[in-house]
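**Q** This structure is in structure tokens; I'll ask about it shortly.
In full-length UniProt numbering, the protein residues as written are 1 to 337.
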């Protein structure tokens, strides 16, 4: 018996040589075409009603015939068919690639789970074959016992051949025994084939366990590597964003900075103008303070010398000479000076 080849159990190595329809995007494209065909069959009555209404109008019929001619040309043109096929192929590949990019690790885990489901299914089939082998062995053993019994009956009938009907009984027993023997001879190759199939499936089961465990280890490794690379990439993007900044957020930052600069410039201008306007008043105050200070210093010196004269409330008022004809309020003109 030749040793089975298990090298292809983990998938073919020449995946790039497979046809488009055997690849994932081809399978997805087949599902899309099947869905479109089912949609067309579901709405077949609506399509037929539309065609009937369209043919009721000559203009619509002409347009329909023209469109039908264009479709026939498109379907019969090899270049158009090739272009449409490659467009459809690219579209399906793009959709499949998008699905893969969403969560590649999850797709790999789904593949592993699919392998486990197939292995469990195969193990159930192995158990079924084992049960059938037990039944087959039991049937062969029962047939052997029946053969012994039938041949014993035939010998006993032959020994009593002088009695009526014994010869026919012996002949019938030998026929039954021969039939059971012929059945066993046909069941024996089947029993051997079942053993071979079970041995092959046991080897496949062991290889499947090895392939699944190896694939799980690869997926866990890739998941760890992918997670580390993603985190490193996010950290690096964060570091780079510190220098480059988020364009949207940086725009608002620059606008805020410009507003603050303009507002500060305006307020500083207002403060400078206010200071310029109040400078004359401040200078006048300083002059008055200087005059009062000098006057106070002179009075202090006079006070220290004893020459300072304080104002006396009971001293006579000085005489004011107002001329020959003084006015009535002339004595009060300088009262508040």
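From the three backbone atoms N, C-alpha and C, an ideal C-beta is built for every residue, glycine too.
Might you give, ordered along the chain, the residues of its own chain that have their beta carbon closer than 7 angstroms to the beta carbon of residue 93, omitting 5 neighbours on each side?
**A** 25
**Q** Are the CB atoms of residue 178 and residue 157 nearer to each other than 9 angstroms?
**A** In this structure, residue 157 does not lie closer than 9 angstroms to residue 178 by Cβ.
**Q** Got a sec? Which residues, its chain only, sit under 8 angstroms from residue 121 by beta carbon, not counting five neighbours each side?
**A** none
**Q** Report yes or no: do three or more beta-carbon pairs, one from the region 107 to 120 and one from the region 208 to 223, lie closer than 8 angstroms?
**A** yes
**Q** Just how far apart, CA to CA, sit residue 300 and residue 281?
**A** Cα-Cα distance, rounded: 28 angstroms.
**Q** Hey, out of 135, 91, 175, whose CA is closest to residue 152's CA?
**A** 175
**Q** Helix, strand or coil for residue 165? Go by DSSP, reduced to three states.
**A** Three-state DSSP puts residue 165 in coil, outside helix and strand.
**Q** Can you list, in chain order, the residues of its chain with a C-beta nearer than 6 angstroms to that of residue 108? Leave out the 5 residues immediately preceding and following it.
**A** The residues are 219.
**Q** Using only alpha-carbon positions, find the residue among 144, 104, 284 that is nearest to residue 226.
**A** 104
**Q** Mark residue 348 as exposed unless 16 or more other C-beta atoms lie within 10 angstroms of its C-beta, in which case mark it buried.
**A** With the chain running from 1 to 337 in the structure shown, residue 348 is simply not present.
**Q** If residue 188 sits next to residue 140, beta carbons under 8 angstroms apart, how far is it from one beta carbon to the other, in whole angstroms?
**A** The Cβ separation is near 7 angstroms, so the contact holds.
**Q** Residue 412: buried (16+ other C-beta within 10 angstroms of its C-beta) or exposed?
**A** The chain is shown only over 1 to 337; residue 412 falls outside these bounds and no answer can be derived.
**Q** With a threshold of 7 angstroms on Cβ separation, who are the neighbours of residue 74 within its own chain once the five nearest residues in sequence on each side are excluded?
**A** 80
**Q** Can you tell me the Cα-Cα spacing of residue 253 and residue 118, whole angstroms?
**A** 59 angstroms
**Q** Please classify residue 29 as buried or exposed, where buried requires at least 16 neighbouring CB atoms within 10 angstroms.
**A** buried
**Q** Give the secondary structure of residue 131 by DSSP, where H, G and I count as helix, E and B as strand, and everything else as coil.
**A** Looking at residue 131 - three-state DSSP - the assignment turns out to be helix.
**Q** Please classify residue 154 as buried or exposed, where buried requires at least 16 other C-beta atoms within 10 Å of its C-beta.
**A** buried
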